[in-house]
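A quick write-up on the structure given underneath.
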Amino acid sequence: MKTLLNKILVWWRSEGLKKKEINYPYFLILLIFLSLLSLAHFLSRDAPLLGIPLFFLFYSIGQAILEVFLFILSAYILKRWAPKWAFILFIVISFGFFFIHFTDFTLVRLMDASITYLFRFFIGASDGKIMTAFDALNMNLQMIVMIGAALFLLPLLGLLFYWLTHLISRLKPISFDLRQIAIGVASIALSLFLLDLFAHPFLTLQNYRKYEKALPFGTTFLPPMRHSIQLPAPLASPLSEKKALKKLPTRQPGSKPNIYLFVIETLRSDFLNEKTAPALSCFAKENISFASSFSNANSTYLSWFAIFQSRFPYHWSRERETKSKGSLPLRALRKLGYKIHVFSAASLGYFNMDHLIFGQGRELADEIREFAPEKSLPSWERDSLAIKEGISRLSESEGNLFIFFLDSTHSEYSFPENSAPFIPYAKQIDYLTLKPTPQELESIQNRYRNAIHYIDSLFDRFLDALKEKKLLDASIIAVTGDHGEEFFEEGALFHGTHLNRYQTNVPIYFKFPSPDWTIQREQATHIDVFPTILHYLTKKVPPKRLFDGNSLFTSRSWPYRIAVLQNGPTNPCEMALIGQNGRILMQFRDPKQIYTETNLEILDIDGVDLDLLSKESLQNLFESHFPGAVAPLIRKAH
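5 is the number of the first residue of the sequence shown in this note's numbering; add one for each residue after it.
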């Protein structure tokens, strides 16, 4: 061991002192760029640069300096000991960090999400259907072209930029030896560690979660202590497909009224009123609506899962891996003699949801008319085609389920130019704006309102067709949005980032043929939609454990709701439990172990400073504030 240390010391003395020219303008520009991003991020926030925000600003700039010094160290090592192609590759990669950091900065400012959010979608959104992933991320054609051009030109631009800065550096060369660079890296890292050590006692988990995404490395040396509670048992896994199929209702209904289900993309409930959506507002008043209604997730694929499986979305990955025959509620309807017709303006292949809903070969659906491949058409035209096709299939024969997936309210908020009652509206959404002014934000919201108004006109057209054919009174109609939309109320635009009411507040409306059935709840969620319909048809409450949702014609025994945060292609592990005493935000650390893990990490509780609580106090607070919340969710002892 001593001999080895002596050899290292001899090598260090001989090799560590050899100097090498460094392209300092290149690295200096990279440092300035990263520092400006950090400044722009914190200066654009409403909070004053004092205390914790100031700490994160200093830490962010310190990490930018450390990152640049690590690049300098890599450049020195590669220049001295690596083949030339490796150094060229390094130039391309280091220049790519300009693009990566800028993309990350834009995502954090717009959606309060880091670039890993973007990567997760492109890795697993739809088995290589990359355009589906772009649609899901609210990216317009301009953004797609910009990203494609940047990726194509990035290597050439990187090499050109390095060559130009190298010419400048040759005017006044500066050389460093390995020891100087290593001391620089160690000094910066130590300074950050000491800064972290000083601020650590004052750093709460809530503050950390608020600012960590703004750091170049996305974390600090000493993150705050994590808080957790212990569950009595792991979460219960869903019934196997074989057992679940045996529990499906078999009682044949006396009649089979036609069912019309509308799943509307990005439909936030508090944006619906007599001006934006006169037909939907009238429908809600004349039929069944709720004081509060919510999605069980803040993204499309998990919300579709909740609606069509009547399961909490944290089961999504398990069901996708083990279920091949499609949605249980749809299979129940098939068993009752229903035919299923699907008219979709949205892409059904998103995360392969068509397989999970309609079976591996889409065999549950008798007919699928999918207009999403018509990319030359804007969303509003595809929605119009879907409704037109649905109307053309209307007939007096009973036993039909019509499912409509409408898309105008997603992404760019699509509508005909001659149908825009809300002005001024944004001609397009500027994704590069750091933070829109109140006037700019209002114009974005007006664009959203115009899209809602257009969707409403299509719904009104469909109702008129039902009335004209004298089919309305005998029909079951259900309307919902897949999730809500945030407009910077809590620091983000769009959806898929926060489990708040803005991203999960959706309408849930019903109409049933018989007025004798009375709703017993003031609150509804997506998992309740199909149990309610099946209860009405069979006159029997669906068996327990078959669904997580319950019929809204029965009184509620579990006074909570669950919303799940999307996690890209990985199983969701972060969720919010909401009850009368507020909201608790929690997560499983390993998304693959949610059926075996009993340690549940607590991220936030409304009105509670977690850092003031001991582990025992937190456990007691959870049990007192959310009594009976866990029992229905966990595995029962045998």
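Where a beta carbon is used, it is the ideal one built from N, C-alpha and C, also for glycine.
Tell me which residues share the same chain as residue i and place their Cβ nearer than 6 angstroms to its Cβ, disregarding the 5 neighbours each side in the sequence.
i, result
"H204", "L226"
"I582", "R565"
"L196", "G66"
"R373", "F347, E393"
"H45", "A218"
"V96", "P159, G162"
"V483", "F266, Y513"
Of the choices the options, whose alpha-carbon is the least far from that of residue i?
i, options, result
"W85", "L34, L38, K22, L32", "K22"
"D608", "L556, F466, M579", "M579"
"T558", "I344, L637, K543", "K543"
"S618", "L467, G100, R230", "R230"
"T413", "L398, V533, L38, Q449", "Q449"
"S461", "K431, F492, L445, A424", "A424"
"F491", "L360, F534, P511, I433", "I433"
"P253", "L541, F103, F409, D200", "L541"
"R213", "I531, F498, P57", "P57"
"E371", "I344, A240, S396, I361", "I344"
"I395", "G363, F466, E493", "F466"
"N504", "I361, T326, Q210, A567", "A567"
"F99", "Y166, F60, A90", "Y166"
"K596", "G586, T574, V612, F298", "T574"
"V533", "I512, D520, D464", "I512"
"E444", "I104, A349, K431", "K431"
"W562", "E494, L637, N422", "L637"
"F59", "E400, N211, G341", "N211"
"S191", "L70, L164, I172", "L70"
"I92", "E494, L164, F294", "L164"
"L569", "D594, H502, L389", "H502"
According to the neighbour-count rule (16 or more other Cβ atoms, all chains shown, within 10 Å of its Cβ), is residue i buried or exposed?
i, result
"N571", "buried"
"Q524", "exposed"
"I652", "An answer regarding residue 652 cannot be provided, because it is not within the stretch 5 to 642 covered by the chain."
"L111", "buried"
"Q313", "buried"
"E627", "exposed"
"A153", "exposed"
"N645", "This structure cannot settle anything about residue 645, because the visible part of the chain is limited to 5 through 642."
"Q234", "exposed"
"R174", "exposed"
"G55", "exposed"
"Q584", "exposed"
"S328", "exposed"
"G132", "Interpretation of G132 is limited by its pLDDT of 48, a score under 50 that renders its predicted location unreliable; the figure taken from the coordinates is listed afterwards. Result: exposed."
"E325", "exposed"
"V149", "exposed"
"T522", "exposed"
"S643", "Shown here, the chain extends from 5 to 642; a query on residue 643 therefore has no answer."
Looking only at its own chain, which residues have a Cβ that is under 7 angstroms from the Cβ of residue i, when we skip the five neighbours before and after it?
i, result
"R3", "An answer regarding residue 3 cannot be provided, because it is not within the stretch 5 to 642 covered by the chain."
"S232", "N603, L604, E605, I606"
"A68", "L35, L38, S39, S42, P220"
"W384", "S412, S418, F419, P420, Y458"
"P535", "S314, P546, F551, G553, N554, S555"
"F31", "V72, F75, I76"
"E402", "S259, K260, P261, N262"
"L298", "Contrary to the premise, residue 298 reads as Phe rather than Leu in this sequence. If we look at F298 and ignore the five residues flanking it on each side, its Cβ neighbours are T508, N509, V510, T529, R565, A567."
"D610", "G586, R587"
"F94", "S78, A79, L82"
"D358", "L352, R366"
Enumerate in chain order the residues of its own chain whose CB-to-CB distance from residue i is below 8 angstroms, with the five nearest sequence positions on each side excluded.
i, result
"R560", "Q524, R525, Q527, N554"
"P517", "P261, D477, A478, S479, I480"
"H499", "T270, N302, S303, H487, G488, E489, E490, Q507"
"L209", "P228, M229, R230, H231, L607, D608, L614, D615"
"A248", "P242, L332, L550"
In the DSSP output, which residue or residues are listed as bridge partners for residue i?
i, result
"A301", "V568"
"F514", "I292, A482"
"T529", "F298"
"F463", "Answer by DSSP bridge pairing: none, since F463 is not bridged."
"A647", "Missing from the structure shown is residue 647; the chain here goes from 5 to 642 and no further."
"R373", "F347"
"F406", "Y264, H345"
"E490", "F498"
contact_flag[the segment 271-283, the segment 362-382] where n(CB pairs < 8 angstroms) is 3 or more: no
Three or more C-beta pairs below 8 angstroms linking the segment 333-343 and the segment 294-309: no
Sufficient close CB pairs (3 or more, under 8 angstroms) joining the segment 585-592 to the segment 346-358: no
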